[in-house]
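Asker: All the letters of the sequence shown, read from the start, carry residue numbers 909 to 1031 under my numbering. Glycine included, every Cβ here is placed at the ideal spot set by N, Cα and C.
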Amino acid sequence: MAQHNDFGKWGEEVAAGYLREKGYTILHRNYRVGHRDLDIVALKNNILVFVEVKTRKGDSLVEAEKAVDRRKIMSLNMAANNYLKRYRLNVDVRFDIVAITGSPADYSVNHMENAFLPIPIYR
């Protein structure tokens, strides 16, 4: 596996552990639908939370949270819509970003709740 993939998996592990410590129940990780994916699907206080994890080394040119652009938001919305339909859920939802910056020896976690609003998808 490529080194950047290992780094991303490490970041997702850190994010999942962080969320568990904050009282979230992890329902799914790496939920895939076609070429779209949801990094983490979690539940807290009866809210279904779709979490996008961004992992960056400290010297990255783009801040992790700024890497979630409109195109990525549309992709996340479509995957979330599929998830809700597949499991026949009618619940409140939220989109968060968890940004991990640094390395396994020294890192920080930035959790942005309600990072962006869902985009209505009509089909």
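Is it buried or exposed for residue 947, if we count other Cβ within 10 angstroms and need 16 for buried?
Answerer: The count along the sequence shown starts at 1 and reaches residue 947 at position 39. Buried is the call here.
Asker: Can you check DSSP and say which residues form a bridge with residue 944?
Answerer: Position 36 of the sequence shown, counted from the first residue, corresponds to residue 944. Beta-bridge pairing links residue 944 to 941.
Asker: Got a sec, what are the start and stop residues for the alpha helix (DSSP H) residue 954 sits in?
Answerer: As a first step, residue 954 must be located in the sequence shown, where it is residue number 46. Residue 954 -> no alpha helix (DSSP H), and no H or E assigned at all.
Asker: Which two residues bound the contiguous alpha helix (DSSP H) that contains residue 981?
Answerer: Position 73 of the sequence shown holds residue 981. Here the alpha helix (DSSP H) through residue 981 covers 978 to 994.
Asker: Are residue 1000 and residue 1019 closer than 8 Å when you measure CB to CB?
Answerer: Looking up residue 1000 in the sequence shown gives position 92. Looking up residue 1019 in the sequence shown gives position 111. Their beta carbons are not under 8 Å apart, which means residue 1000 does not touch residue 1019 by this criterion.
Asker: If you run the structure through DSSP and keep just helix, strand and coil, what is residue 962?
Answerer: Reading the sequence shown from its first residue, position 54 is the one you call residue 962. Strand.
Asker: Can you name the residues that DSSP bridges to residue 1001?
Answerer: In the sequence shown, counting from the first residue as 1, residue 1001 sits at position 93. Beta-bridge pairing links residue 1001 to 956.
Asker: Any C-beta of chain C sitting closer than 8 Å to the C-beta of residue 975?
Answerer: No chain C is present in this structure, which holds just one protein chain.
Asker: Measuring straight from C-alpha to C-alpha, what distance separates residue 931 and residue 919?
Answerer: To locate residue 931, count along the sequence shown from 1; it is residue 23. To locate residue 919, count along the sequence shown from 1; it is residue 11. Answer to the nearest angstrom: the Cα atoms are 19 Å apart.
Asker: With a threshold of 8 Å on Cβ separation, who are the neighbours of residue 951 within its own chain once the five nearest residues in sequence on each side are excluded?
Answerer: Taking the first residue of the sequence shown as position 1, residue 951 is located at position 43. For residue 951, where only same-chain residues beyond five positions count, the Cβ hits under 8 Å are 932, 933, 935, 957.
Asker: Under the three-state reduction of DSSP, which class applies to residue 1031: helix, strand or coil?
Answerer: On the sequence shown, position 123 is the one that residue 1031 refers to. For residue 1031, the pLDDT reaches just 48, beneath the cut-off of 50, and the residue's location in the model is therefore unreliable, leaving the point undetermined.
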